[in-house]
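Participant: Protein chains in written order, with our numbering: chain X, 8 to 350; chain L, 492 to 838; chain H, 52 to 387. Even for Gly, the Cβ is constructed at its ideal location relative to N, Cα and C.
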Amino acid sequence: MRAGVSTAIGATKPMGTVLPAMSADLLRVENMRVVFPTAIGRSRTVLHGIDLSVKSGEILGLVGESGAGKTTLARSILGAPPVPGRIATGRVMFEGRDILTLPEKQLRSLRGRRLAMVVPNPRGELNPTIAIGDQIATMARVHLGLDRKGARARALEMLKAVQIPDPERRMKSYPHELSGGMAQRAVIAIALICDPAFVISDDATSGLDVTVQAQILDLLRKLAAEHGSAMLFITRDVGITAHFCDRVAVLYDGEIMEAASRNALFLSPAHPYTLLLLAAFSHNSALRRGWSMTPPAPAPAAVEACIYAGRCPLAQPLCRREKPPLAELMPGHVVRCHFPVRR
Amino acid sequence: MLTVEHLHKQFPVAGSNKVVSAINDVSFTIAPGETLGLVGESGSGKTTVGRIVVGLIEPSSGAVRFDLAGNANNRARPPKGKVQLVFQEPAESLDPRLRIGATVAEPLQALAVDRSEWRRRVRDAMALVRLDLALLDSYPAELSAGQQQRVGVARAMITEPDLVVLDEPTSALDPTARAEIIDLLKRIQAERNTAYLFISHDLSTIRFISHRVAVMYLGMIVEQGDAATLFSQPQHPYSSGLLSSVLLPHPDLVMESSVSLKGEIPSPIDLPPGCFLASRCPFVIDRCRAARPPAESVGPGHIVHCFRHNDVAATTPASKTFEAFMAEAERILARPVSQPIRFTPQP
Amino acid sequence: MHIARYLLHRFAFILPQLLGIVLVSFLLVKSIPGDPAVLMLGPTATPDAIASLRAQMGLDQPLYMQFVLYVNHLLHGDLGTSWQTTRPVLDDLIQRFPATLELVTFSLILAIAVGMGLGVASALNPKGWVGRLADIYGLSAGAMPDFWFALVLIFVFYTLAHWAPAPLGRLDIEVIAPAPVTGFMTIDTLLGGDMHAFRSAVSHLILPVLTLGLINAGPIMKMTQSSMQKMLASDAGRYEMLCGIPQRLVSRHALRNALPSIVTIISVLYGYLIGGAVLVEIVFSWGGAGQYAVQGVLNSDIYPVLGFVLFSAVFSLIVYIVVDLIYVLIDPRISH
Chain X
8 MRAGVSTAIG
18 ATKPMGTVLP
28 AMSADLLRVE
38 NMRVVFPTAI
48 GRSRTVLHGI
58 DLSVKSGEIL
68 GLVGESGAGK
78 TTLARSILGA
88 PPVPGRIATG
98 RVMFEGRDIL
108 TLPEKQLRSL
118 RGRRLAMVVP
128 NPRGELNPTI
138 AIGDQIATMA
148 RVHLGLDRKG
158 ARARALEMLK
168 AVQIPDPERR
178 MKSYPHELSG
188 GMAQRAVIAI
198 ALICDPAFVI
208 SDDATSGLDV
218 TVQAQILDLL
228 RKLAAEHGSA
238 MLFITRDVGI
248 TAHFCDRVAV
258 LYDGEIMEAA
268 SRNALFLSPA
278 HPYTLLLLAA
288 FSHNSALRRG
298 WSMTPPAPAP
308 AAVEACIYAG
318 RCPLAQPLCR
328 REKPPLAELM
338 PGHVVRCHFP
348 VRR
Chain L
492 MLTVEHLHKQ
502 FPVAGSNKVV
512 SAINDVSFTI
522 APGETLGLVG
532 ESGSGKTTVG
542 RIVVGLIEPS
552 SGAVRFDLAG
562 NANNRARPPK
572 GKVQLVFQEP
582 AESLDPRLRI
592 GATVAEPLQA
602 LAVDRSEWRR
612 RVRDAMALVR
622 LDLALLDSYP
632 AELSAGQQQR
642 VGVARAMITE
652 PDLVVLDEPT
662 SALDPTARAE
672 IIDLLKRIQA
682 ERNTAYLFIS
692 HDLSTIRFIS
702 HRVAVMYLGM
712 IVEQGDAATL
722 FSQPQHPYSS
732 GLLSSVLLPH
742 PDLVMESSVS
752 LKGEIPSPID
762 LPPGCFLASR
772 CPFVIDRCRA
782 ARPPAESVGP
792 GHIVHCFRHN
802 DVAATTPASK
812 TFEAFMAEAE
822 RILARPVSQP
832 IRFTPQP
Chain H
52 MHIARYLLHR
62 FAFILPQLLG
72 IVLVSFLLVK
82 SIPGDPAVLM
92 LGPTATPDAI
102 ASLRAQMGLD
112 QPLYMQFVLY
122 VNHLLHGDLG
132 TSWQTTRPVL
142 DDLIQRFPAT
152 LELVTFSLIL
162 AIAVGMGLGV
172 ASALNPKGWV
182 GRLADIYGLS
192 AGAMPDFWFA
202 LVLIFVFYTL
212 AHWAPAPLGR
222 LDIEVIAPAP
232 VTGFMTIDTL
242 LGGDMHAFRS
252 AVSHLILPVL
262 TLGLINAGPI
272 MKMTQSSMQK
282 MLASDAGRYE
292 MLCGIPQRLV
302 SRHALRNALP
312 SIVTIISVLY
322 GYLIGGAVLV
332 EIVFSWGGAG
342 QYAVQGVLNS
352 DIYPVLGFVL
362 FSAVFSLIVY
372 IVVDLIYVLI
382 DPRISH
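#1: Using the rule of at least 16 other Cβ atoms within 10 Å of the residue's Cβ for burial, across every protein chain shown, is Ala173 of chain X buried or exposed?
#2: In whole angstroms, give me the CA-to-CA distance for His55 of chain X and Leu199 of chain X.
#3: Between which two residues does the beta strand (DSSP E) containing Val36 of chain X stretch?
#4: By Cβ distance below 7 Å, which residues in the same chain neighbour Glu532 of chain L in space, the five residues on each side in sequence not counted?
#5: When the distance is taken between beta carbons, is Asp197 of chain H closer than 7 Å to Ile257 of chain H?
#6: Determine which residues share a DSSP beta bridge with Lys62 of chain X and list them.
#7: May I have the straight-line CA-CA distance separating Asp777 of chain L from Gly246 of chain X, to the nearest angstrom?
#8: Going by C-alpha to C-alpha distance, which of X:Leu285, X:Asp105, X:Asp253 sits closest to Asn38 of chain X?
#9: Cutting at 8 Å between CB atoms, please list the residues of its own chain near Gln638 of chain L, excluding the five before and the five after it.
#10: Note down, in chain order, all residues in the segment 46-76 of chain X with a beta-carbon under 7 Å from any beta-carbon belonging to chain L.
#11: Would you list, in sequence order, the uninterrupted alpha helix (DSSP H) runs of no fewer than 4 residues that lie entirely inside the segment 254-308 of chain X?
#12: If you draw a straight line from the alpha carbon of Ile794 of chain L to that of Arg118 of chain X, how long is it in whole angstroms?
#13: What span of residues does the beta strand (DSSP E) with Leu498 of chain L cover, start to end?
#14: Cβ-heavy atom distance between Leu258 of chain H and the ligand FMN below 6 Å?
#15: Is it true that the segment 205-223 of chain H meets the segment 336-350 of chain H, where meeting means three or more beta-carbon pairs spaced less than 8 Å apart?
#16: Return helix, strand or coil for Arg56 of chain H, following the three-state DSSP convention.
#17: In chain order, what residues of the segment 155-173 of chain X put their CB closer than 9 Å to some CB of chain H?
#18: With three or more C-beta pairs closer than 8 Å as the rule, is the segment 275-288 of chain X touching the segment 314-325 of chain X?
#19: Figure out for me which residue from L:Lys811, L:Glu714, L:Ala820, L:Met746 has the closest Cα to the Cα of Glu787 of chain L.
#20: Could you compute how far the alpha carbon of Leu664 of chain L sits from the alpha carbon of Gly182 of chain H?
#21: Are the C-beta of Tyr280 of chain X and some C-beta of chain H separated by less than 7 Å?
#22: Which word fits Thr835 of chain L, buried or exposed, when buried means at least 16 other C-beta atoms lie within 10 angstroms of its C-beta?
#23: Where does Phe205 of chain X fall in DSSP's three states?
#24: Give every residue of the same chain whose Cβ lies closer than 6 Å to the Cβ of Leu272 of chain X, excluding the five residues on either side of it in the sequence, and list them in chain order.
#25: Rounded to a whole number of angstroms, what is the C-alpha to C-alpha distance between Asp605 of chain L and Phe519 of chain L?
#26: Shorter than 7 Å from the beta carbon of Asp105 of chain X to some beta carbon of chain L?
#27: Would you grab the beta carbon distance between Leu261 of chain H and Leu204 of chain H for me? Rounded to a whole angstrom, and I think it's under 8 Å.
#28: At a CB-CB cut-off below 8 Å, which residues of chain X make contact with Arg384 of chain H?
#29: Roughly how many whole angstroms lie between the Cα atoms of Gly179 of chain H and Gly188 of chain X?
#30: Against Ile241 of chain X, what residues of chain H qualify as contacts under a CB-to-CB distance less than 9 Å, listed in chain order?
#31: Classify Met116 of chain H as buried or exposed, calling it buried when 16 or more other Cβ atoms lie within 10 Å of its own Cβ.
#32: Between Glu335 of chain X and Val342 of chain X, what straight-line distance do the alpha-carbon atoms span, to the nearest angstrom?
#33: For a contact defined as C-beta to C-beta under 7 Å, what are the partners of Met292 of chain H on chain X?
#34: Does DSSP put Pro129 of chain X in a helix, in a strand, or in coil?
#35: Mapping DSSP to helix, strand and coil, what is Val373 of chain H?
#36: Distance check for Phe502 of chain L and Val737 of chain L, CA to CA, integer angstroms please.
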């Protein structure tokens, strides 16, 4: 299914950007703003009004460096921003309703069953005193209403599906007995056992060996295709998204800078930050220097300035005065820039 | 300059008689001013090799010889400061209670350098890594990860080493910081003729910075040779499989390979008698399980440990993917020469 | 099997540990001012009588000699004689130690029930009324002296309400004590088939158990509350929430993971209370081992003190071994 149009219309106002209702969107994030309290009475905005949409069967990649807000976004979509963050504004439209307005109990029944998350550092997040077979089976018991035997059988099926070696024995293993790759597979089994419609994968493959990573990506893609799920694939590694995702969005300091179909983003990138990321991977230092700029002494950023202006080699006076909206450069290709690069 | 011969290292397993064979018969050399990239996944033993070269760990058997500054007496222990180490996690390798200036100056203590010299040498080291001298009074927590890693490099370079062992120096960094550190390292090598033993699992970085590459699997070097040649035509199934998992940020460019490796790396405690890859290798034959493949030379300075290396080379044509990618990158990423055009979105 | 080997290992260490404990206690007790011979003979004693008694008791020997002699006797099962009761210390303790143990055990059961119950409830609802109640309870339990609380309870329930029996020991005066099998009044009366005595024993236990139980529920509650909260806020706890696991299941898992800390504090309390219950024992005239030891300290009667130290040390060590075994069972990460 080819990527549809995801447009932010008009509005130089930083807030209140409205997306047209697209019936084919499976999940849509509208203007999500997440703040973290820093000192007493003060707070820091980590996500500044994020707009995203993913269609059924689509894999949307989200690329960002550390501190850009990737994990905050992933967890906020499920209504559970990392403590002590708080969702200040925003809607998450899923299956026709804003799930952020749901009471906690209903939200819990959605999580894991229709909206699942694959977490990074699985050995730190799995319960250390429960065997993984039981942890996977618990999902089936809680969400699918299976009895103990049925749930265990289903868990074993999932372990086989994620290609864990020696699955019967591994049912009784504890998280600390697993290698990184195996723990990651266990977490994928937990995420997919209930056939969720939407899967968020937060940095699920960093820290894994390259060969294991390749297998896990294949596995995710296969399972997503089989179950018809859509996926939000969050990562620091731009290279993965070029081959694994249908559409890719670039996140910088809590704002989406560019989003396009995979080919459009990699073959005709428009935002200077995207170009910097790609240049960094090309190992061509001359190219990279062309796109990077040592930030001058930090000036207090005006609220109405482009958030990237301090580092942008193409910055013009307008960029420091007026914040560009996320707007459609070409069909299906949005960019947040006053002077995007065009071919 | 550095010669490593038939290195073995076993670690005892707590609570039993078994041993972990971390390194099994590793041999390589590094010439002055050269970079040898040591590639491998977890359990390959590459970190242990680095530690043995620096002298932090004693090998179980085998020889490590240094021939520095033309000293032909092949000393086992290099003069102090001539071999240095840069660590993976910059935040963890810098003492959080020491100011940057003190951290960078630390190695000078071991060298018994006169205190009056310290200031000058610290300034030189900071200039070498292009860090602002104002940072000398800061604490590590105030620096970004990229800056912290530069401090790590400054600390290593202050003793003017001939060889620097870098153990995954960029794995904890973001892509932009990573690229900057690699640039820095290349520049230092050009200026000071420092040799590097660059240990990493990041293949595209290795390809860029190394002159020669050694691929390790379960403590053995399975293939070694010139970087460009090895990357374009690997002759060992493991090297080939490793390369096929590299994902370049270009949707049309895929690393061709006949090998996709399934399964997990077996345990280094009970190593099989034959080739270590036999359980996962698509080219495996009975002979592979019976005996370890010896070194075979397939080109100048290029050796492979595989009985069927000819078949491996034959099934995959020489890859020009990396070169193609570099060319494409230049095309796509060229800075626009014309004036920037204002983009006004239609309401 | 590792468990058997582990147990053997631990038991082998008990003897050196005990020797160390006895040595330290011996030195401490010997440093108490006061000459036992003088106390025994009274104010009218002559210096000669005192000297000969001292020689008889071995008090004129050098310190290390006294210690060696004492250990020698220990190895023969002789814990010395109390000059106050004029009976072997071993017999005294066999009679009194179970009294304390019975009191402490029942109190601890109550403390666990109240402490963990309140701890879990307040960890789940930190801002609700349960949370407030738990905070106030924790503060009061920590601030109140146990003997004072005992006296308050006696005043309310005996003096005013006449519900509780008089605080004069473990049984009503007219009730005949059962044949001592375990030393636990409740068990022995049941074994003897004497229901009247059983009811008497239980009614006498109520107030002291309430005292010790409610006061010591405080630390258990605090530990339960903080461990639970830590588990709920941990990465693993948040992950379960992200997977949509319902709150009661998440709480159950959190409690399981919090158990090691809670079990630790319970075991420490258990060992401590053997001696720490002494004030309550005195208020209720319980005739327990703590009382016995305190009398020994006040009267420079060293053998009861040392005997008591030995008994409670062995008890504590056994408790710790059992607790370590429990750890192995509940936490799969600990596999030696």
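Facilitator: Looking at the atomic coordinates:
#1: Looking at the sequence shown, residue 173 of chain X is not Ala but Asp. It counts as exposed.
#2: Rounded to the nearest angstrom, the gap between the Cα atoms of His55 of chain X and Leu199 of chain X is 30 Å.
#3: Per DSSP, Val36 of chain X belongs to the beta strand (DSSP E) from 32-44.
#4: Counting only Cβ-Cβ distances below 7 Å, and skipping sequence neighbours, we find His692, Ile756.
#5: No; because the gap between Cβ atoms is not below 7 Å, this pair is not in contact.
#6: X:Asp32.
#7: Approximately 38 Å between the Cα atoms of the pair.
#8: When each option's Cα is compared against that of Asn38 of chain X, the closest is X:Asp105.
#9: Leu622, Leu626, listed in sequence order.
#10: When CB distances to chain L are screened at a threshold of 7 Å, the residues of the segment 46-76 of chain X falling below it are Glu72, Ser73, in chain order.
#11: List check, alpha helix (DSSP H) in window: 269-274, 279-289, 292-298.
#12: One C-alpha to the other measures close to 53 Å.
#13: Boundaries of the beta strand (DSSP E) harbouring Leu498 of chain L: 493-503, taken from the DSSP string.
#14: Absence of the ligand FMN is noted for the structure shown, with no ligands found whatsoever.
#15: Yes, since at least three Cβ pairs between the segment 205-223 of chain H and the segment 336-350 of chain H fall closer than 8 Å, the two stretches touch.
#16: In the structure shown, the three-state DSSP call for Arg56 of chain H is helix.
#17: If you check each beta-carbon in the segment 155-173 of chain X against every beta-carbon of chain H, none falls closer than 9 Å.
#18: Using a C-beta cut-off of 8 Å, the segment 314-325 of chain X makes contact with the segment 275-288 of chain X, since at least three inter-stretch Cβ pairs fall below that distance.
#19: If we check each option's Cα against that of Glu787 of chain L, L:Glu714 comes out closest.
#20: Distance between the alpha carbons of Leu664 of chain L and Gly182 of chain H: 44 Å.
#21: With 7 Å as the cut-off, Tyr280 of chain X does not count as an interface residue toward chain H.
#22: Thr835 of chain L is exposed by the Cβ-count criterion.
#23: The DSSP-derived three-state label of Phe205 of chain X is strand.
#24: Around Leu272 of chain X: Val255.
#25: For Asp605 of chain L and Phe519 of chain L, the distance between alpha carbons rounds to 36 Å.
#26: Not one chain L Cβ lies under 7 Å of Asp105 of chain X.
#27: Contact between Leu261 of chain H and Leu204 of chain H is confirmed by a C-beta separation of about 6 Å, below the 8 Å threshold.
#28: For Arg384 of chain H, the C-beta contacts it makes with chain X under 8 Å involve Pro135, Thr136, Tyr181, His183, in order along the chain.
#29: So the two alpha carbons sit approximately 42 Å from each other.
#30: Neighbours of Ile241 of chain X on chain H: none; closest Cβ ~14 Å, over 9 Å.
#31: With fewer than 16 Cβ atoms within 10 Å of its Cβ, Met116 of chain H is classed as exposed.
#32: Within the model, the alpha-carbon separation for Glu335 of chain X versus Val342 of chain X is close to 6 Å.
#33: Near Met292 of chain H (Cβ distances below 7 Å), the residues of chain X are Ala87.
#34: Residue state, collapsed to three classes: helix.
#35: In this structure, DSSP gives Val373 of chain H a helical state, which the three-state scheme calls helix.
#36: So the two alpha carbons sit approximately 32 Å from each other.
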